[in-house]
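Enquirer: Sharing a structure below in structure tokens format, with a few things to ask.
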Amino acid sequence: KDAVVLEVIGDRNVHLTGFYLGHNGQCGNAKKHGICSGYHIAEEENVVLKKDQEVEYEETEVNGRRVRTMSSGLVIEDMEVNQNRDAAIACNGCSVDIHFIAQMKRNGCVVQANLDRPPSKFKLGEGHLTKGLDAGINGMRIGEKRRLTVPPSMGYCGSLKRSDVPADAWLIIEVKLMGVNTV
259 KDAVVLEVIG
269 DRNVHLTGFY
279 LGHNGQCGNA
289 KKHGICSGYH
299 IAEEENVVLK
309 KDQEVEYEET
319 EVNGRRVRTM
329 SSGLVIEDME
339 VNQNRDAAIA
349 CNGCSVDIHF
359 IAQMKRNGCV
369 VQANLDRPPS
379 KFKLGEGHLT
389 KGLDAGINGM
399 RIGEKRRLTV
409 PPSMGYCGSL
419 KRSDVPADAW
429 LIIEVKLMGV
439 NTV
């Protein structure tokens with residue numbers, strides 16, 4: 259039986275896209291959540307995840323920080339965590355205020371940033387942000403900071419394509435959630 263790797267791409271209903279994977283028999287010993295590095299993509303399929311069903315990713319700890327590698331290739335590293343469990347959480351459909359800096363991974367060239375200005379306001383899940391930034395902010399609490407390693411497929415592509423960013427560019431985005439409005 260083939261394994262399936264999924265990632266969250268929707269709002270509160272949680273729609274997923276994923277891949278049926280064939281196994282080549284090689285798995286690492288890292289703490290895993292349904293992912294093996296020895297898989298290859300066999301067939302793409304869209305799936306709807308039922309409430310309380312787990313999303314598959316690999317989780318590790320690097321320098322005391324939680325790091326998750328999603329099946330899409332997106333890497334989410336928690337740099338600052340808000341311990342207040344009552345703090346507002348960003349989700350699709352929410353309006354968010356963020357400070358961020360986006361750089362190309364290969365050379366560190368800054369592509370976009372707003373660190374020296376007031377926070378930027380966006381509505382999550384409406385295509386105003388790159389897919390990687392959108393997915394990386396989802397689930398953050400106010401005051402938290404994350405470092406996102408964004409694959410080209412989730413970066414500046416499609417309608418967000420930029421002439422100064424190569425189509426194959428991986429991005430490093432550091433983002434801090436300054437505010438959330440769920441209205």
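Residue 326 in this note's numbering sits at position 68 of the sequence shown, and the numbers go up by one each step. Virtual Cβ for every residue (Gly too), placed ideally from N, Cα, C.
Would you mind sorting A425 into buried or exposed? The rule is 16 or more other CB atoms within 10 Å of its CB.
Expert: Residue mapping note: residue 425 aligns to position 167 of the sequence shown, counting from 1. Its Cβ having fewer than 16 others within 10 Å, A425 is exposed.
Enquirer: How long is the line joining the alpha carbons of K389 and I400, rounded to whole angstroms?
Expert: Within the sequence shown, residue 389 is the residue found at index 131, counting from 1. Within the sequence shown, residue 400 is the residue found at index 142, counting from 1. C-alpha separation (whole angstroms): 20 Å.
Enquirer: Tell me where the beta strand (DSSP E) around K381 begins and ends.
Expert: On the sequence shown, residue 381 is found 123 positions in, with the first residue counted as 1. Start and end: S378 to K381.
Enquirer: So G351 packs on G383, CB below 8 Å; how close in whole Å?
Expert: The residue labelled residue 351 in the question sits at position 93 within the sequence shown. The residue labelled residue 383 in the question sits at position 125 within the sequence shown. Correct: roughly 6 Å between the Cβ atoms.
Enquirer: Classify K363 as helix, strand or coil using the three-state DSSP reduction.
Expert: Here residue 363 refers to the residue found at position 105 when the sequence shown is read from its first residue. Here K363 sits in coil by DSSP.
Enquirer: Could you tell me the boundaries of the beta strand (DSSP E) in which I334 lies?
Expert: For the purposes of this step, residue 334 is taken as the residue at position 76 of the sequence shown. I334 -> beta strand (DSSP E) spans V333 to E338.
Enquirer: Measuring only between beta-carbons, confirm whether K419 sits less than 8 Å from chain B.
Expert: Protein chains in the displayed structure number just one, and chain B is not present.
Enquirer: Report yes or no: do three or more beta-carbon pairs, one from the stretch 367-381 and one from the stretch 404-424, lie closer than 8 Å?
Expert: yes
Enquirer: Please report the distance separating the alpha-carbon of Y315 from that of E335.
Expert: Locating residue 315 in the sequence shown gives position 57, where the first residue counts as 1. Locating residue 335 in the sequence shown gives position 77, where the first residue counts as 1. C-alpha separation (whole angstroms): 13 Å.
Enquirer: Would you mind stating whether F358 and N372 have Cβ atoms separated by less than 8 Å?
Expert: Within the sequence shown, numbered from 1, the residue matching residue 358 stands at position 100. Within the sequence shown, numbered from 1, the residue matching residue 372 stands at position 114. Cβ atoms of F358 and N372: closer than 8 Å.
Enquirer: Residue range of the alpha helix (DSSP H) that G442 falls in?
Expert: The chain is shown from 259 up to 441; residue 442 falls before or after that span and cannot be answered.
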